[in-house]
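Residues in the sequence shown are numbered consecutively from 491, following the working numbering.
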Amino acid sequence: MSEVNQYISSNKDRFLSELLDLLRIPSISADSRYKEDVLKAAGFIKDRLIEAGADKAEVCETAGHPIVYGEKLVDSALPTVLVYGHYDVQPPDPLDLWDSPPFEPVIKETELHPQGAIFARGSCDDKGQVYMHVKAFEAMMETGELACNVKFIIEGEEEVGSENLETFLKDNTEMLSADVVLVSDTGIIANDVPSITVGLRGLSYVEVEVSGPNRDLHSGLYGGAVPNPINILAEMIASLKTEDQKINIPGFYDDVEILSTEERQEMAKAPFDLEEYKDSIGLSDVEGEEGYSSMERASIRPTLDVNGIWGGYTGEGAKTVIASKAYAKISMRLVPNQDPDKITELFARHFESIAPDSVSVKVTPHHGGQPAVTPTDSPAYQAASKAMETTFGKKPIPFRGGGSIPIVALFEQILGLKTVLMGFGLDSDAIHSPNEHYGVFNYFKGIETIPEFFKNFAEMSK
Ligand code: BES
Ligand code: MN
Ligand code: MN
């Protein structure tokens with residue numbers, strides 16, 4: 491066993507208990523009531539980086555939640571790895587669907603995690619994966635095996651759109667100079683099917699409001715003679731997709747990257763079991779755009795989904811009312827070459843155009859993000875591939891993911907850096923959902939794989 495692995499295996503209990511301490515801090519970025527806890531989580535990461543051997547680590551203020559920056563520069567002749575992650579988490583709602591409290595981590599076995607999984611909000615997304623980097627760094631420092639310079643940028647606003655990170659990158663291009671960005675905030679196909687994410691979707695997110703009468707009306711006195719904003723909103727939303735599940739917004743597909751048959755055949759080699767997929771989420775059937783597989787629908791094709799819809803009376807019992815207003819939140823996942831601002835604009839224009847004269851509509855854009863594809867022919871990808879091959883005993887499969895990490899495109903635009911998405915979660919880990927968890931196996935696999943990456947990257951950059 492190598493010295494680093496020796497060090498990791500003799501410190502396992504502590505590595506796990508420290509992560510549990512981090513998971514106890516409810517760093518919910520979306521909810522201003524948790525501002526102090528967000529700050530506390532930032533301080534926690536900063537302190538652990540210093541303890542692990544960073545030359546410098548600081549909590550950098552922004553207009554929103556702070557960014558933790560840390561670094562260990564060994565030798566200017568060596569390549570530099572910029573590690574990115576986020577310490578903020580999604581709100582845990584709905585609370586009553588958790589089997590144990592979201593910020594009181596417990597370890598339980600599951601079918602896919604026979605070695606146990608840590609149940610807590612943020613365990614997989616992304617505190618558990620960020621902390622792998624902190625502990626891998628400690629292990630490399632303690633054994634004298636840190637083979638590259640390393641910089642850490644761990645933010646507290648990923649789950650709310652990374653709005654202040656862009657400015658931070660622009661203001662600190664010198665400090666953040668590096669050779670590659672390494673991110674563990676994605677997943678693998680299965681614990682015995684290692685993979686590396688090579689594509690992320692972009693995002694356009696809007697809120698819509700449909701206004702009818704100037705007040706809520708008695709549905710008997712007025713019903714049948716006036717526009718009902720909720721009915722109209724439902725009709726408008728229904729018209730946004732065609733029978734064969736194409737998105738019905740003029741121009742929406744104009745810039746969509748079309749993959750070649752060869753590329754699609756290559757992608758189809760990744761293992762995917764439709765029955766298992768349906769079973770795992772309790773569905774009797776799937777649906778989606780005609781002409782594409784489920785895997786393609788959730789990665790290389792754009793989507794439009796209602797994330798929330800409300801209006802009128804939703805309390806107990808029946809109230810006969812025609813609401814004055816109806817609302818919905820709508821997200822569109824985008825694929826390479828689609829521009830989020832352009833799509834938002836196309837959506838807004840179209841949505842306004844399909845509204846009947848009897849109502850008025852308002853479209854408010856929320857944060858968006860650009861799609862990203864990462865190369866597989868770079869030294870950094872090869873370093874990650876070889877690292878995973880060493881620790882999993884199998885060569886990882888490159889695959890495109892369906893989620894979004896908007897900052898990845900900006901690393902390239904602002905810092906000129908490519909990213910390697912070497913994540914260790916599973917789709918079944920329930921990120922953003924009740925009972926989020928992260929495999930103990932995955933946590934330690936990550937801690938073991940990261941030093942291999944550093945070693946390989948130094949070697950390949952020579
Ligand atoms: N880590 C996720 C994104 C992710 C998860 C990508 C799994 C690929 C595989 C990230 O924290 C996230 O949730 N991103 C948001 C976007 C953001 C703008 C709120 C998303 O994808 O909804
Ligand atoms: Mn994340
Ligand atoms: Mn997330």
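By construction, the Cβ of each residue, glycine as well, lies at the ideal position given by its N, Cα and C atoms. Treat the numbers as computed from the prediction; the structure is a model and nothing was measured.
Chain C contact for Ala553 (CB, 8 Å cutoff): Here chain C cannot be found, since the structure has a single protein chain.
DSSP beta-bridge partners for Asn639? On the sequence shown, residue 639 is found 149 positions in, with the first residue counted as 1. Thr570, per the DSSP bridge assignment.
Does the distance between the C-beta of Gly646 and the nearest non-hydrogen atom of ligand 1 fall short of 7 Å? Your numbering for residue 646 matches position 156 in the sequence shown. Because no heavy atom of ligand 1 lies under 7 Å away, the Cβ of Gly646 does not count as near it: no.
Buried or exposed for Ile518, going by 16 or more other Cβ atoms inside 10 Å? As a first step, residue 518 is located in the sequence shown; it is residue number 28 there, counting from the start. It counts as buried.
The alpha helix (DSSP H) with Asp831 in it runs from where to where? As a working mapping, residue 831 is identified with position 341 in the sequence shown. From DSSP, the alpha helix (DSSP H) with Asp831 extends over 830-843.
Going by CA-CA distance only, name the one from Gly778, Lys768, Val698, Gly891 that's closest to Val796. By 1-based counting over the sequence shown, the position of residue 796 is 306. Cα-wise, what sits closest to Val796 is Val698.
CB-CB length for Lys502 against Phe934, believed under 8 Å: Taking the first residue of the sequence shown as position 1, residue 502 is located at position 12. Taking the first residue of the sequence shown as position 1, residue 934 is located at position 444. The Cβ separation is near 7 Å, so the contact holds.
How big is the Cα-Cα spacing for Lys809 and Tyr803? Locating residue 809 in the sequence shown gives position 319, where the first residue counts as 1. Locating residue 803 in the sequence shown gives position 313, where the first residue counts as 1. For Lys809 and Tyr803, the distance between alpha carbons rounds to 7 Å.
On the DSSP bridge assignment, give the partners of Arg890 in chain order. Taking the sequence shown and counting its residues from 1, one reaches residue 890 at position 400. Beta-bridge annotation (DSSP): Arg890 is paired with Gly689.
Mind pulling the alpha helix (DSSP H) runs of 4 or more residues that sit fully within the stretch 792-825? Here no run is fully enclosed.
Can you check the stretch 504-585 for any alpha helix (DSSP H) of at least 4 residues that lies completely inside it and give the ranges in chain order? If you keep only unbroken alpha helix (DSSP H) runs of at least 4 residues inside the stretch 504-585, you get 525-542.
Quick one: measure Cβ to Cβ for Leu572 and Ile643, integer angstroms, because I've assumed they're closer than 8 Å. Taking the first residue of the sequence shown as position 1, residue 572 is located at position 82. Taking the first residue of the sequence shown as position 1, residue 643 is located at position 153. Rounded, the Cβ-Cβ distance is 6 Å, consistent with contact.
Segments assigned beta strand (DSSP E), at least 3 residues, entirely inside the stretch 859-945: Listed in chain order, the complete beta strand (DSSP E) runs (minimum 3 residues) inside the stretch 859-945 are 887-890, 909-911, 927-929.
Could you tell me whether the stretch 653-663 touches the stretch 511-526, where touching means 3 or more Cβ pairs closer than 8 Å? The answer is no - the stretch 511-526 does not touch the stretch 653-663, with fewer than three Cβ pairs under 8 Å.
Ser466, enclosing alpha helix (DSSP H) - first and last residue: The chain is shown only over 491 to 952; residue 466 falls outside these bounds and no answer can be derived.
Determine contact between the stretch 677-694 and the stretch 902-922, defined as no fewer than three beta-carbon pairs at a distance below 8 Å. Taking 8 Å as the limit for Cβ pairs, the verdict is that the stretch 902-922 does touch the stretch 677-694.
Return yes when the C-beta of Asp979 is under 7 Å from any heavy atom of ligand 3, and no when it is not. Lying outside 491 to 952, the shown extent of the chain, residue 979 is not represented and no answer is given.
Cβ of Ile608 within 8 Å of Cβ of Val825? For this step, residue 608 is matched to residue 118 along the sequence shown. For this step, residue 825 is matched to residue 335 along the sequence shown. For the pair Ile608 and Val825, the CB atoms are not nearer than the 8 Å cut-off.
Since Val851 sits in a beta bridge, which residues does DSSP pair it with? Along the sequence shown, one-based indexing puts residue 851 at 361. Per DSSP, Val700.
Do three or more CB pairs link the stretch 649-657 to the stretch 617-637 at distances below 8 Å? Judged by pairs of C-beta atoms under 8 Å, the stretch 649-657 does not touch the stretch 617-637, as fewer than three such pairs exist.
Please identify the residue among Ser923, Arg791, Ala816 whose C-alpha is closest to the C-alpha of Asp586. Sequence index remark: in the sequence shown, residue 586 carries index 96 (1-based). Asp586 has its Cα closest to that of Ser923, out of Ser923, Arg791, Ala816.
Tell me the rounded alpha-carbon separation between Met491 and Ser500. As a first step, residue 491 must be located in the sequence shown, where it is residue number 1. As a first step, residue 500 must be located in the sequence shown, where it is residue number 10. Answer to the nearest angstrom: the Cα atoms are 12 Å apart.
What is the DSSP secondary structure of Gly651, reduced to helix, strand or coil? Walking along the sequence shown from the start, residue 651 turns up at place 161. The DSSP-derived three-state label of Gly651 is coil.
Starting from Phe742, trace the alpha helix (DSSP H) in both directions and tell me its first and last residue. The residue given as residue 742 occupies position 252 in the sequence shown. Careful: Phe742 lies outside any alpha helix (DSSP H) and carries neither H nor E.
Return yes when the C-beta of Asp745 is under 7 Å from any heavy atom of ligand 1, and no when it is not. On the sequence shown, position 255 is the one that residue 745 refers to. False, no ligand heavy atom lies under 7 Å from that Cβ.
Inter-residue spacing [alpha-carbon to alpha-carbon] between Gly778 and Glu733: Taking the sequence shown and counting its residues from 1, one reaches residue 778 at position 288. Taking the sequence shown and counting its residues from 1, one reaches residue 733 at position 243. Gly778 and Glu733: Cα-Cα distance of roughly 10 Å.
For the stretch 745-755 and the stretch 891-909, state whether three or more C-beta atom pairs, one from each stretch, are separated by less than 8 Å. Contact fails: fewer than three Cβ-Cβ distances are below 8 Å.
With H, G and I counted as helix, E and B as strand and the rest as coil, what does DSSP make of Val620? One-based indexing of the sequence shown puts residue 620 at position 130. Three-state DSSP puts Val620 in a helix.
Near ligand 1: Gly714 beta-carbon under 7 Å from a heavy atom: Walking along the sequence shown from the start, residue 714 turns up at place 224. Remark: the shortest separation between the CB of Gly714 and any heavy atom of ligand 1 does not fall under 7 Å.
Which residues bound the alpha helix (DSSP H) around Ile722? Taking the first residue of the sequence shown as position 1, residue 722 is located at position 232. Start and end: 719-728.
Every unbroken alpha helix (DSSP H) within the stretch 762-789, with a cutoff of 4 residues, ordered by chain: The alpha helix (DSSP H) runs lying completely inside the stretch 762-789 and spanning 4 residues or more are 764-770, 784-787, given in chain order.
Are there 16 or more other CB atoms within 10 angstroms of the CB of Gly805, so buried, or fewer, so exposed? Position 315 of the sequence shown holds residue 805. The residue is exposed, with fewer than 16 neighbouring Cβ atoms inside 10 Å.
Bounding residues of the alpha helix (DSSP H) (the contiguous stretch that carries Pro757): Residue mapping note: residue 757 aligns to position 267 of the sequence shown, counting from 1. Looking at the sequence itself, residue 757 is Met, so the reference to Pro does not match. Counting along the chain, the alpha helix (DSSP H) containing Met757 begins and ends at 751-757.
Near ligand 3: His856 beta-carbon under 7 Å from a heavy atom: Translated into the one-based positions of the sequence shown, residue 856 becomes position 366. No, the Cβ of His856 stays beyond 7 Å of every heavy atom of ligand 3.
Should the stretch 846-856 be regarded as contacting the stretch 740-748, the criterion being three or more beta carbon pairs within less than 8 Å? Contact between the stretch 846-856 and the stretch 740-748 is absent, with fewer than three C-beta pairs closer than 8 Å.
Return yes when the C-beta of Gln473 is under 7 Å from any heavy atom of ligand 3, and no when it is not. The requested residue 473 does not occur in the structure, where the chain is confined to residues 491 to 952.
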